[in-house]
Structures are given as structure tokens and as C-alpha cells.
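Note that the protein sequences, when read in sequence, are chains D and S.
Using the working numbering, the first residue of the first sequence is number 13, and each one after it goes up by one.
Using the working numbering, the first residue of the second sequence is number 26, and each one after it goes up by one.
Ideal Cβ positions, reconstructed from N, Cα and C, are used throughout, including at glycine.
Predicted, not measured: the structure shown is a model, and the values here were computed from it.
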Amino acid sequence: MQFYRGNRLKCARLAGDRRGDRYPHSLQFYLQPPTENISLSEFESFAVDRLKLLKVVENLGVSYLKGSPEYKSKLEMELKKLKFPYRALAEEDYDARRKDHLSHFILRLAYCQSEELRRWFIQQEMDLFRYRFTELTEDLIKNFLTYVNLAYNAISKEEKDTCADKLVNSTPGFSGAKVVDMAYYKVPWSHAVDLVRTRRIYLHDGFAFVPHQDLVAIVLNNYRTNLSKALALTARSLPVVQSDERLQPLLNHLSHAYVGPDYSIQKNTGKISLEQIDALSVKSFPLCMRQLHKALRDNHHLRHGGRMQYGLFLKGIGLTLEQALQFWKSEFIRGKVDADKFDKGYAYSIRHNYGKEGKRTDYTPYSCMKIILSNPPSQGDYHGCPFRHSDPELLKQKLQSYKISPTGITQVLDLVKGMHYQLACQKYFELIHDVDDIGFSLNHPNQYFAESQKLLSGGREIKKERNQPENSQAKQSSQKSTPASSTPSCSNTKAEIKLEELEDYFTED
Amino acid sequence: MAAWPFEPGSLPDLLPLYYRRLFPFGPYGRWLRYGGVPKSYFENREFSFTLRDDIYVRYQSFSNPQELEREIQKTNPYKIDIGAVYSHRPNQHNTVHMGAFQAQEKELVFDIDMTDYDDVRRCCSSADICPKCWTLMTIAIRIIDRALTEDFGIRHRLWVYSGRRGVHCWVCDDGVRKWSSTLRSAVVEYLTLVKGGEDTIKKVTLGDTIHPFISESLSIVEKYFEDYALVGQDILGSRESWDKVLALLPEHILFVYCSGKNEELEWDRKSCLSRGSLCHPGHPDKQKEIMLQYCFPRLDINVSKGVNHLLKSPFSVHPKTGRVSVPIDLKKVDEFDPFAVPTIRCLCAVSDYKKTSLAPYVRVFEEFLEEMDNFRKGELLRISDSKRDF
Numbered sequence: 013m014q015f016y017r018g019n020r021l022k023c024a025r026l027a028g029d030r031r032g033d034r035y036p037h038s039l040q041f042y043l044q045p046p047t048e049n050i051s052l053s054e055f056e057s058f059a060v061d062r063l064k065l066l067k068v069v070e071n072l073g074v075s076y077l078k079g080s081p082e083y084k085s086k087l088e089m090e091l092k093k094l095k096f097p098y099r100a101l102a103e104e105d106y107d108a109r110r111k112d113h114l115s116h117f118i119l120r121l122a123y124c125q126s127e128e129l130r131r132w133f134i135q136q137e138m139d140l141f142r143y144r145f146t147e148l149t150e151d152l153i154k155n156f157l158t159y160v161n162l163a164y165n166a167i168s169k170e171e172k173d174t175c176a177d178k179l180v181n182s183t184p185g186f187s188g189a190k191v192v193d194m195a196y197y198k199v200p201w202s203h204a205v206d207l208v209r210t211r212r213i214y215l216h217d218g219f220a221f222v223p224h225q226d227l228v229a230i231v232l233n234n235y236r237t238n239l240s241k242a243l244a245l246t247a248r249s250l251p252v253v254q255s256d257e258r259l260q261p262l263l264n265h266l267s268h269a270y271v272g273p274d275y276s277i278q279k280n281t282g283k284i285s286l287e288q289i290d291a292l293s294v295k296s297f298p299l300c301m302r303q304l305h306k307a308l309r310d311n312h313h314l315r316h317g318g319r320m321q322y323g324l325f326l327k328g329i330g331l332t333l334e335q336a337l338q339f340w341k342s343e344f345i346r347g348k349v350d351a352d353k354f355d356k357g358y359a360y361s362i363r364h365n366y367g368k369e370g371k372r373t374d375y376t377p378y379s380c381m382k383i384i385l386s387n388p389p390s391q392g393d394y395h396g397c398p399f400r401h402s403d404p405e406l407l408k409q410k411l412q413s414y415k416i417s418p419t420g421i422t423q424v425l426d427l428v429k430g431m432h433y434q435l436a437c438q439k440y441f442e443l444i445h446d447v448d449d450i451g452f453s454l455n456h457p458n459q460y461f462a463e464s465q466k467l468l469s470g471g472r473e474i475k476k477e478r479n480q481p482e483n484s485q486a487k488q489s490s491q492k493s494t495p496a497s498s499t500p501s502c503s504n505t506k507a508e509i510k511l512e513e514l515e516d517y518f519t520e521d
Numbered sequence: 026m027a028a029w030p031f032e033p034g035s036l037p038d039l040l041p042l043y044y045r046r047l048f049p050f051g052p053y054g055r056w057l058r059y060g061g062v063p064k065s066y067f068e069n070r071e072f073s074f075t076l077r078d079d080i081y082v083r084y085q086s087f088s089n090p091q092e093l094e095r096e097i098q099k100t101n102p103y104k105i106d107i108g109a110v111y112s113h114r115p116n117q118h119n120t121v122h123m124g125a126f127q128a129q130e131k132e133l134v135f136d137i138d139m140t141d142y143d144d145v146r147r148c149c150s151s152a153d154i155c156p157k158c159w160t161l162m163t164i165a166i167r168i169i170d171r172a173l174t175e176d177f178g179i180r181h182r183l184w185v186y187s188g189r190r191g192v193h194c195w196v197c198d199d200g201v202r203k204w205s206s207t208l209r210s211a212v213v214e215y216l217t218l219v220k221g222g223e224d225t226i227k228k229v230t231l232g233d234t235i236h237p238f239i240s241e242s243l244s245i246v247e248k249y250f251e252d253y254a255l256v257g258q259d260i261l262g263s264r265e266s267w268d269k270v271l272a273l274l275p276e277h278i279l280f281v282y283c284s285g286k287n288e289e290l291e292w293d294r295k296s297c298l299s300r301g302s303l304c305h306p307g308h309p310d311k312q313k314e315i316m317l318q319y320c321f322p323r324l325d326i327n328v329s330k331g332v333n334h335l336l337k338s339p340f341s342v343h344p345k346t347g348r349v350s351v352p353i354d355l356k357k358v359d360e361f362d363p364f365a366v367p368t369i370r371c372l373c374a375v376s377d378y379k380k381t382s383l384a385p386y387v388r389v390f391e392e393f394l395e396e397m398d399n400f401r402k403g404e405l406l407r408i409s410d411s412k413r414d415f
């Protein structure tokens, strides 16, 4: 991929060069990297959109059975919304296919950097590929396989007749009739290792006779092998790419990216009174903030990590600077801190958080990603994500003390064991609010609060409208009195991540 | 049978003679050079030697077969193992940056050891073998070899008697030598039917459908089992001989087979016999499972799966029996007699080495090499034809 040198941010696209044969299929193996020019803004937005897509793939994969009707319809909706190819049959798909192609390769740059990132990326890309492949018809499959040089030959009728009984005996659950109907492909046995290993396939002369329905697994395996190798290669050439200072911040942060509203400026500041906070902490705070609030009340103190995480959250839900100063001071002086010391020390840093000191940056409340990934708590700390950082036994006790049902607790703990911390918090939301489906993808504590408030005030629709007006998506947090206007994280139009903000986001701590 | 009992103490005297006069270095070198392309293939091959007093040296490597010959004749190892072809010369592996020294290629090997059948043979146990249980090896070779050639499309297999109680197989196809550990494990799993250790009584369970690999293997077993149990042992001959055969079969298998009619372990073997035993297909599936449990090959996956695994070399001497690890002629596998395999003692007693009993085995080896050579030439012709090179 070529990037223009200098400050040019926009450049000519493939003007008038819409070669339809460049992307003859809606599906691809991403074997050839793109060679066109691309603007930085398109680079960013493509990457962000694909990241949103992959996160949806991840969420759906845990919430629904892969391949079930709900899974498929929700995934198709997301693909359509984010303008990725969703219908194999659609002919005029050039823009979507191009976006698919480019965004995949851009994300490779971000996700090749560590074993964990690679594993996550490969898993989601494989699930996405599997969905799209299984939507293809037999003819399209044949075309696609030829296109990617996996020309597995379907065996002729004569050949099938001679080994029909062997096929029946080697494919479990297949009757003679089914064998006759199904297409069989001759695949080099090393492409079908799992089927051979477990003797679930007819093997002759080094070829596995694979029925059509097992073809997906084989193609997927190929896809995974290729992608794995490619990522390893990409990692090696990464230093060159990272030396481009326009790309470096974006790439570095994509893998930790929070791609939703940042709750930095509230439209409805001052709508919360300090007296409400105790009740709110039980009803509408995510567990991390509920925990911090309780610790603050119990100990009349919080350490720096806790003050940052909780303090910014409170700002995000609408506490004004004056309220914040009063809130923290009244609590701290009940502890070991006297009024003077508070004014001289702690007050400064609260004002700093509100952008009234120093650099005057208006700091943004932490996203779940940031809380989970950075600054783990140590002894005496109460910040972090309880689903990530608490001992599961202690977590269990805490949930029990909140009167959550044993089944519910088990579900939460299972998600924790699977390292799905945000999904565990989503489950916590559902249990606290007594709803079946949280209805959104949780990525931010302030989002939790906003959604909770909306639910409790009866202002939530079941089906989310995805067409949000531009100005509402980036900077907003809805309060109790706000009419239903949600900003779920994986939604709508381009999130405008300003690179400078991202920088501060990660360096302020 | 060896005319003299073998004394391991004689090895230091006999080995020099063996390595100077009898070890077929010529064909051996031709084998491991694999046509000489690339030249580094032989250079990067690991050998290991077990010297006297159990001194074991690894990462031996040589520039060419002649150097190997000289070293062996100098050190007279008790045992020679062949390892993998590495990325660098094994004898320089300490100079290579850690992680860069990798095993890259090796023959796919199988090791079938009679001790793995101890739960189903009563004639012998552990290191002993006798003509009766050797049949198990014959069955194993037939079953595995058929699967390798017909199912996996493999061409060049060298079967070798280990010198004591088992057989090895060396698969030498060009492509196969490059196989990863995953592929090698997969082959072993495909070939595995007998599962379970000491605690498992019934080790073979067949499903509703019988995979072609199993049915093919079964027909091989059935052929031998009949010979083995009925003809060879003449089990119908007398009660005593029948009892002897029954004694070969673990009680618990017969117990299972006899449908648990007798709850106690002290069952009446005769009544079992009259109820339609092994001779009659009264319970075909049970009969199949028993035959398979008794006869089906048992492989050691650890030997086969590692690309860097070292295995005893063909023509190496077994230090405990004195017998040479000789190739087995597949055309005459039924006639192979492990007790007729020459020991180093008899070999060295003969003055004209060309007349020794090792010669036929060397011929088998050379035929194997010739087949590989011919195939290699054929492939080159095919490639140059397709490129239209004349």
C-alpha cells in the first residue's frame, strides 16, 4: 500500500478505474495485499469499521449458536450497516468488496503484533469467513475454490459408484442414498488432517474423499493456515510501517481501541445530585464503579487509580466540577485528610481532570478496554474491572451479597472463566435489571449507566434504530430525563477518533 | 537359532570385524544421500552412537558417507541411531543461534514392539519372542504396509527387524520426509485401533459402520488368525492343545466373549468351547473385536510423531542379542524367521564375507534403493518433459 508523503490527506481514488474483475467474488482469501492509494481518513475509517464488525462477530459468537438463524440475521445486518459485502449474489458490490479487502489488510498491521492479538484476529476472521462461505451456493463455491487455487476435484459418478460402499462406511451417519446425492471432492489428505486422523473419511492413494458438507472445515483450515503465516510475516515487516508517524499512533491504539462515544462532554451536566449517588451506585452503576463507590464510603479514601477511574466516571454521568469537589472533600475529611490538605492536594487533581489545570485537557472517562488492559490493581486498590481483576471466589461472594440468583452467578463466572469480561458485565446488567437481553454491546462504564437509566425510566426501545444523527454520536451521555436516544458503542456512522485525543487517552496515566 | 549363545562381552572384538568387512557402507551411503540433491542433505543428518560402557553421543554429523564409514570403523559403536536432517550441521549446533537450529526432514518411522502385546500373549513376555507370537509381527507388517501404500499412497517403505523383539518401518518418500509432526501424529492415529492401558479390559470397540481401513485390516487378521489358531496350533486336535491356545487368550476376553454366562472367574472352558467359540461365527462382532484386540498392530506414537526422533539404524547390531537389524523382504514376509537372522558372531566366523548370511538381506536393501532410484529418475524425466527440456 502506498501512502503519500507529506501532509496530503486526500488523494485520488481509483478514479474511473472500477475494474469489476478486480474483485470477482464477494469472498476472498486475502492473499494479495492492496496496491492502490488510499487517504488517511479512509484508512482510519475502514479500519475502525472492520474492528466494529469483528467485535460484533465476537459478541454474537458467544451470545448465539454460530450458524443459527438469529446469529446469521444479526451478522448480516451488521455487515449491511457497515457496508461490507453481505450477499454473495450481489453483483455490483465493488465498493463493499474493496472496503473488505483494504480493511482486512489494515487490521493485519495492528493485530499481528502479539500472540494474543493474532489469536483474536484469526478467530474472528475465521468466524466471519465461515459465515460468508456457508452462504455461498454450490456453484459459487466451485468458482471461489478455483479462484483461490483450491481446485479440489469433485469425483465423477463412475468413480463414486466403484467406491460407494466404502464411502458409506467411512462417513458416519451417511446412508447409501445420501452418498449418491452428495458431491464428493478429492482432497490431498494433508488438507483434511482432522478427518483422516479420526477416520471419518475415505482415504485412498493419499486423497481424502470429502463430502460437500465437510468442505467448509477444510477450506477454513486452509484459510487459517494462510492467515497465520501471513500475520507472522507482517509482524516482521512492521517496524517499517510503524516508522511512518501518521500511522503509528493509529496502529498502536487500534488494538486497544474503544470505538464508541467517549462521554467527555455531557449535554445534561448537573442533572445529578449528590444525594442520589448512593442509590444510583446500586441501581445503575457497573460493578467496577459500585465497588469503588462502596470503598470510598467505607474507607473515606481512594488511591490514585481509583480516584481517576471513579472520578472521570462521575464526570461522565454529569457531575459538575463543583459537585465533584464537594463530593470528594466531604468523604475525605471523614477520613484522615483535613480540609486544608484536601484543598492543597486532591482538589488540584480533580480540577485537573476537568481540564481546569495544567494542560487543560478535558480528560475522558475510561472505557472498559482501558480499565481491563491497563493499570491492574494491587493490594489496597479498588479500581480495575472486578470481572477481570477479582478473585472469582470473592466475586462470587460479592454477587451473592447482592442477592443475585445462583444460576445467574454461574453464568457470570463461566463468562469470566472464558475471559469474556465485558460479556460478564453485560450478564450482570441483565441480572440486576431483570431483563433477558441487555440489548447493546457493553464497552464503557458510562454507557452502562446511560443504558441503565434509560431502562429504568422506561425510555428504551426494544429494537435499536441505527440511523443516528451525526452530532449525537460522538459526545453524549444521556441522563435520567433524556428521551430515548441511545448511543450503543458499535453503532452507526464513522467514529471520529482524533489522533491527538487518542494520544492523551493513553498517556495521561 | 544361533549356534552359540550370545555374549555381549564379545562385542568389542567382533564389532571391528563387522564394521570393516560386513557393514554395507556402500548402499547405506547411497540411501542417505537420496540422490545427492542437495549436497547438504547428508551433511546435516544427525547420527548418534552408543559406545562401550553405555557412553552415548549425539549430534554426530559427517560431510559424506566415507567420513561416516571412517568414524564408525574408528569408534566401533555398539549401536547406531539415525536422526533428522537439520538446518545446520548437527556437530556444529552449539555455534548456531538458539532457535535457528531446527530439525527439518526425516523419514516417517514406525516401531512395533512385542512388549506392547504382552496382555494378549501367554507364550512369552517382555523381551522374549517365539515363532508363535512372531505371527503378530507378520500381521502388523501386512496391515500397516497395506494402509501406507493403498490409503496414503506411499511408495518407499523399508521394513527392518529390530534385532530383538520387534520391527521398524522407514518411509522414505521425498514428500513424506518433509511431513510435520502434526501429519505424522495423524497417520498414527488413523492406524490406531487398540486403545487403553492396563486398566482397560476391552480395548477394541467397533461402531455401527466399519471403516474401510478396519475391514481391510480385518480380512488380513482373519486369514492369519485361522492359520494361527486353527491350523498352526491345531486347536481342534486335542483338548490339551485347545487348552493351550485358550491359555493364550486372556481370561477376561473369553469371559466377555462368552456373554458373561458364568459370573465367576472359574468358568468351564470346555463348555465355552461347545457354545460355539472362536471357530464358529456365533457372535461376529464380538469375534471381530477379540481378534482385533489380540492381533491388531500397536504403535508407539512417540516414535513416529517427532521429526527429531532418533531410531536404531538398519544393519546396526543389537547389543543384547548380537543379531543384526536386517531388512525384511516384503515379498516373503510370511517366511521371515527372526531366529534365522545372523548374529555378529556367526557372521564374523565366516572368512569370505560375500558368502555370509548377511548377503540376502543386503540384496533386499539394494532392491529397495533401486526402486527409489528408478522412481527418482522417472520423476526428473516427467518434470523435464513437462518443461520440454531435451
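Item                                                                                                                                      : Value
Same chain, Cβ closer than 7 angstroms to Arg142 (chain D), neighbours up to 5 away in sequence not counted                               : Val228, Leu232
Distance CB(Phe393 (chain S))-CB(Pro49 (chain S)) smaller than 8 angstroms                                                                : no
Bridge-paired residues (DSSP) for Thr105 (chain S)                                                                                        : Note that residue 105 (chain S) is Ile in the sequence shown here, rather than Thr. S:Phe74, per the DSSP bridge assignment.
Below-8 angstroms beta-carbon distance, Pro184 (chain D) vs any chain S residue                                                           : yes
Short-range partners of chain D found in the stretch 203–218 of chain S, where Cβ spacing is below 7 angstroms                            : Thr207, Leu208, Ala211, Glu214, Tyr215
7 angstroms CB neighbourhood of Tyr235 (chain D) in its chain, flanking five on each side removed                                         : Phe41, Met138, Phe141
Per-residue burial, Cys155 (chain S) [other beta carbons within 10 Å of its own, 16 or more giving buried]                                : exposed
According to DSSP, residues forming a beta bridge with Leu407 (chain D)                                                                   : BP columns for Leu407 (chain D) are empty, so no partner.
Boundaries of the alpha helix (DSSP H) in which Cys373 (chain S) is found, first to last residue                                          : 369–374
Interface flag, Ile122 (chain S) vs chain D, CB-CB below 8 angstroms                                                                      : First, the residue type needs correcting, since residue 122 (chain S) is His and not Ile in the sequence shown. No, His122 (chain S) lies away from the interface with chain D (no Cβ there is under 8 angstroms from its Cβ).
Beta carbon proximity, Thr230 (chain S) to chain D, threshold 8 angstroms                                                                 : no
Coarse secondary structure for Asn234 (chain D), derived from DSSP in three states                                                        : helix
CB contact below 8 angstroms: Asn181 (chain D) versus chain S                                                                             : yes
Under the three-state DSSP convention, the category Ala125 (chain S) falls into                                                           : coil
For Trp184 (chain S) and Lys198 (chain D), the rounded distance between their alpha carbons                                               : 30 angstroms
Per DSSP, the bridge partner or partners of Glu130 (chain S)                                                                              : S:Val110
Minimum Cβ-Cβ distance from Tyr517 (chain D) to chain S less than 8 angstroms                                                             : Only weak support exists for where Tyr517 (chain D) lies, its pLDDT of 33 falling under 50; the value from the coordinates is given anyway. Taking Cβ atoms only, chain S never reaches closer than 8 angstroms to Tyr517 (chain D), which makes this a no.
Residues near Pro363 (chain S) by beta carbon distance below 7 angstroms, same chain, minus five either side                              : Ile154, Trp159, Tyr186
Proximity of Leu66 (chain D) and Gln125 (chain D) at Cβ, strictly below 8 angstroms                                                       : no
Proximal residues, the stretch 67–99 of chain D versus chain S, C-beta separation under 8 angstroms                                       : none
Neighbourhood of His113 (chain S) by C-beta distance below 6 angstroms, restricted to the same chain and skipping five residues each side : Val121, Phe126
Distance between Leu162 (chain D) and Phe156 (chain D) (C-alpha atoms, nearest Å)                                                         : 9 angstroms
Val191 (chain D) at chain S interface by Cβ criterion, 8 angstroms                                                                        : no
Bounding residues of the alpha helix (DSSP H) (the contiguous stretch that carries Val212 (chain S))                                      : 206–216
Tyr440 (chain D) - DSSP class collapsed to helix/strand/coil                                                                              : helix
For Leu416 (chain S), the nearest candidate out of S:Pro33, S:Cys373, S:Lys412, S:Asp398 (CA to CA)                                       : Any property of residue 416 (chain S) remains undetermined from this structure, which presents chain S solely from 26 to 415.
Any C-beta of chain S under 8 angstroms from that of Ser417 (chain D)                                                                     : no
Selected residue, minimal CA-CA separation from Asn311 (chain D), among D:Val294, D:Leu63, D:Leu337, D:Phe344                             : D:Phe344
For His216 (chain D), three-class secondary structure by DSSP                                                                             : strand
Alpha-carbon spacing of Asp177 (chain D) relative to Gly188 (chain D), whole angstroms                                                    : 7 angstroms
Stretch pair the stretch 129–138 of chain S + the stretch 316–329 of chain S: three plus CB contacts closer than 8 angstroms              : yes
7 angstroms Cβ cut-off: residues of chain S touching Arg236 (chain D)                                                                     : Near Arg236 (chain D) there are no residues of chain S at all, since even the closest Cβ is about 13 angstroms away, more than 7 angstroms.
Residues that Phe135 (chain S) contacts on chain D, provided the C-beta gap is smaller than 7 angstroms                                   : Those do not exist, as Phe135 (chain S) stays about 16 angstroms from chain D at its closest Cβ, beyond 7 angstroms.
Span of the beta strand (DSSP E) around Trp184 (chain S)                                                                                  : 182–186
Coarse secondary structure for Leu43 (chain D), derived from DSSP in three states                                                         : coil
Where Tyr378 (chain D) sits in the DSSP three-state scheme                                                                                : coil
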